[in-house]
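Number 283 in the working numbering belongs to position 283 of the sequence shown; there are no gaps in the numbering.
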Amino acid sequence: MTLDRETGSAGDPSPAASAFDPRHFDRYLSVAPEAESFLAGLTTPRPVTVWSLDRRIDPGIVEATLTEAHGSRENPVARLGWRSMAWRLPDGARPGFGWLYRSGAIHVQEEASLLPVLLLDPRPGERVLDLCAAPGGKTAQISEALGGRGTVIANERNAYRTNALRDTVKRLGLLNVTTTVSDGRRLPTTIGTFDAVLVDAPCSSEGTRHGSGASYARTSSAFRDRLERVQLGLLFAAADLCRPGGRVVYSTCSFAPEENEAIVDRLLETREDIEVEPFEVPGLTTDPGLVCFESRRLRSELRGAIRLWPHRSGTGGFFAVRLRRTGGAPRVEPASIAEVERVPGLDRALEAVSAHFGWPASVFGGLRFFVRRRQLHALADDHVALGPPVPSTGGLPLGKVVPGHLQLSTSGILQFGRHATRHVLELSADEVRAYHQREEWSIPAARIALDQPDSTSRGRGAVIVRHDAVPLGRALLTRVNAEAYRVTSEYPVAWIPGGSGR
């Protein structure tokens with residue numbers, strides 16, 4: 001995460017180069033293991049990595065689809081050995097354009113970015129804070145680890161960047177996330193304390209973006225000073241917001257000790273109740289944190305941190321450390337909790353949509369609902385949303401509610417459409433591509449079962465479209481004649497890469 005993503009500033013004011021310059025990384029040759037391979041490793045292409053939501057799709061379908069689309073005998077798709085439900089794809093693969101991604105069955109993320117949440121180890125029943133959350137990949141990992149229940153607070157200072165965070169919530173169907181827009185260094189104590197806090201801090205990004213010229217060495221002193229203040233402020237705030245006995249993970253995608261061990265060292269210097277908790281990652285080549293760099297000496301316990309050097313791990317460069325706040329105390333719940341008003345006519349609308357699509361009413365069990373901007377939103381019923389003064393939004397938008405009727409949105413269909421037994425149209429691979437481009441096409445009337453919408457007898461009706469039993473969204477059927485129907489995609493234009501949204 002670069003500094004401008006967190007603070008909204010213009011980033012480093014010094015002139016930026018557009019290409020990798022190995023001279024800016026010579027400063028690490030004295031500390032990088034197998035230093036002779038370090039610089040070469042920075043120019044080696046990294047594989048693309050995806051992880052899957054196992055509650056949405058069979059992993060066998062994921063692996064087969066990825067292999068067909070991106071794999072070959074020379075460059076196979078391979079499961080990660082250190083993280084379940086995740087795969088490495090060959091360099092150049094573009095899974096973000098495929099149907100698995102667009103249906104919310106997978107998420108694309110740099111492999112090293114899977115490390116912080118593994119260290120954080122969020123568990124069902126915990127209250128977790130992601131202090132620098134956008135664009136939402138780590139928030140999604142936390143949500144999944146909690147089983148879609150409980151409370152995840154995803155904070156992001158930059159209001160514009162919360163659009164990407166909310167898109168992630170909608171596409172992946174995250175029912176236990178509240179998004180807050182606030183400077184992570186200054187969240188009020190009224191929000192309570194957390195069992196676990198993630199600080200994926202803004203940084204120079206040289207570990208993952210060195211190919212485009214990012215490096216700590218070329219930044220200005222003003223940028224470095226500002227960066228240090230932000231990183232220290234976030235880590236100290238995280239320590240305060242973590243309950244005694246809880247966990248804090250601090251991470252960056254930078255090699256620079258000034259952004260990593262030195263920041264943690266400052267916290268350890270002033271907080272006797274914080275200690276480094278070493279963590280092993282079987283299946284991933286990791287190296288210990290640094291305890292000296294150039295003329296600077298750091299605390300020996302920082303060896304318990306984790307470094308990823310690209311030439312050894314095969315990932316981007318990364319730093320992560322798990323910290324424990326000593327002692328033991330229950331978490332403090334927020335002083336102000338968002339109230340959820342009852343939605344008039346909701347029970348009738350949920351019963352009607354359940355009957356229409358042939359799924360049991362229990363599909364909506366364990367949820368509570370509220371209306372915002374004419375959209376019905378759902379949250380896990382054990383989620384504790386924040387009230388004033390912290391600006392926040394929460395919940396998964398399910399669709400529009402009119403008296404006695406719920407018109408499911410795409411995010412609602414992605415979440416619940418797998419349960420449908422009626423009014424479903426299974427698409428071929430070619431039709432999936434047409435659907436995701438918002439096209440129209442014709443199909444034989446014989447493909448429309450007798451249990452399709454009653455309105456089709458009048459020539460028109462909506463259906464859930466699926467592929468390999470995975471819901472893709474909503475389409476409109478229009479009778480052309482006795483032998484054919486026209487299918488009109490209603491896939492959101494904002495979700496199309498290069499569309500008017502993102």
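Where a beta carbon is used, it is the ideal one built from N, C-alpha and C, also for glycine.
These figures come from a predicted structure and were not determined experimentally.
Cβ shell of residue i (< 8 Å), same chain only, five flanking positions each side left out
| i | result |
| --- | --- |
| His405 | Ala349, Ala352, Val353 |
| Leu165 | Ala133, Ala134, Pro135, Gly136, Thr139, Ala154, Glu156, Thr179 |
| Gln231 | Ala201, Pro202, Cys203, Thr252, Glu259, Ile263 |
Which residues DSSP lists as bridging residue i, in chain order
| i | result |
| --- | --- |
| Cys242 | Phe194 |
| Gln400 | Gln is not the amino acid found at residue 400; the sequence shown has Lys there. Note: Lys400 sits in a beta bridge opposite Gln375, Gln407. |
| Thr252 | Phe319 |
| Phe357 | Looking at the DSSP assignment, Phe357 forms no beta bridge with any residue, so it has no partner. |
| Ser392 | Thr180 |
| Gly473 | Val465 |
| Arg88 | Thr49, Ala78 |
| Thr286 | Partner(s): none; Thr286 has no beta bridge. |
Alpha-carbon to alpha-carbon, residue j and residue i
| i | j | result |
| --- | --- | --- |
| Ser442 | Gly147 | 40 Å |
| Val390 | His70 | 44 Å |
| Gly395 | Leu367 | 10 Å |
| Ala239 | Arg303 | 20 Å |
| Glu341 | Thr180 | 20 Å |
| Gln437 | Asp468 | 19 Å |
| Val321 | Phe357 | 47 Å |
| Arg243 | Arg325 | 7 Å |
| Leu115 | Glu490 | 37 Å |
| Ser455 | Ala475 | Any reading at Ser455 must be qualified, since the residue scores a pLDDT of 42, below 50, and its modelled position is unreliable; no value is offered. |
| Leu298 | Thr208 | 25 Å |
| Pro33 | Pro360 | 57 Å |
| Ser251 | Leu267 | 14 Å |
| Phe236 | Leu427 | 51 Å |
| Arg420 | Leu398 | In the sequence under discussion, the amino acid at residue 420 is Ala, which differs from the Arg named in the question. Near 15 Å, if we compare the C-alpha coordinates of Leu398 and Ala420. |
| Val463 | Ala355 | 14 Å |
| Glu36 | Leu42 | 12 Å |
| Glu74 | Ser52 | 24 Å |
Residue i beta carbon near the ligand FMN (any heavy atom closer than 6 Å)
| i | result |
| --- | --- |
| Phe194 | For the structure depicted, the ligand FMN is absent and the ligand set is empty, with no information on it obtainable. |
Secondary structure of residue i, DSSP reduced to three states
| i | result |
| --- | --- |
| Phe38 | helix |
| Glu490 | coil |
| Ile464 | strand |
| Asp26 | helix |
| Trp495 | helix |
| Leu129 | strand |
| Leu235 | helix |
| Thr189 | helix |
| Ala329 | coil |
| Ser336 | coil |
| Ala164 | helix |
| Val106 | Residue 106 is actually Ile in this sequence, not Val. Note: Ile106 maps to strand in three-state DSSP. |
| Glu228 | helix |
| Glu280 | coil |
| Arg368 | strand |
| Glu440 | strand |
| Tyr101 | helix |
| Val62 | helix |
| Val506 | No answer is possible for residue 506: the residues shown for the chain start at 1 and end at 502. |
| Asp430 | helix |
| Ile448 | coil |
| Arg503 | In the structure as shown, the chain begins at 1 and stops at 502. Residue 503 is therefore absent and cannot be evaluated. |
Neighbourhood of residue i by C-beta, 7 Å cutoff - its chain only, sequence neighbours within 5 removed
| i | result |
| --- | --- |
| Gly125 | Gly150 |
| Arg374 | Lys400 |
| Val432 | Trp99, His467, Leu472 |
| Gly211 | Phe20 |
| Pro444 | Glu483, Ala484 |
| Val505 | Outside the displayed span of the chain (1 to 502) sits residue 505, for which this structure offers no information. |
| Thr285 | Arg312, Ser313 |
Selected residue, minimal CA-CA separation from residue i, among the options
| i | options | result |
| --- | --- | --- |
| Ala503 | Phe293, Leu129, Asp54 | The shown model of the chain, from 1 to 502, leaves out residue 503, and the question about it has no answer. |
| Pro330 | Val432, Val249, Phe194 | Phe194 |
| Ser254 | Arg88, Asp21, Ala445, Trp309 | Trp309 |
| Glu111 | Gly137, Ala32, Glu269 | Gly137 |
| Ser411 | Glu339, Arg102, Ile306 | Arg102 |
| Glu272 | Leu232, Leu323, Leu476, Val281 | Leu323 |
| Leu227 | Pro257, Gly246, Gly245 | Pro257 |
| Ser84 | Gln415, Ser30, Gly60 | Gly60 |
| Phe364 | Val50, Leu175, Ala154 | Leu175 |
| Val264 | Ala86, Leu89, Val291 | Val291 |
| Tyr160 | Val50, Ser182, Val493 | Ser182 |
| Leu241 | Glu333, Ala305, Glu269, Pro22 | Glu333 |
| Pro388 | Ala201, Val48, Ala64, Ile191 | Ile191 |
| Gly316 | Val108, Ser113, His107 | Ser113 |
Own chain, CB closer than 6 Å to residue i, minus 5 neighbours either side, in chain order
| i | result |
| --- | --- |
| Ser218 | According to the sequence as given, residue 218 is Arg; it is not Ser. Counting only Cβ-Cβ distances below 6 Å, and skipping sequence neighbours, we find His24. |
| Pro453 | The pLDDT assigned to Pro453 is 48, lower than 50, so where the model puts this residue is not dependable, and the model offers no usable value. |
| Lys170 | Ser411 |
| Val371 | Val343 |
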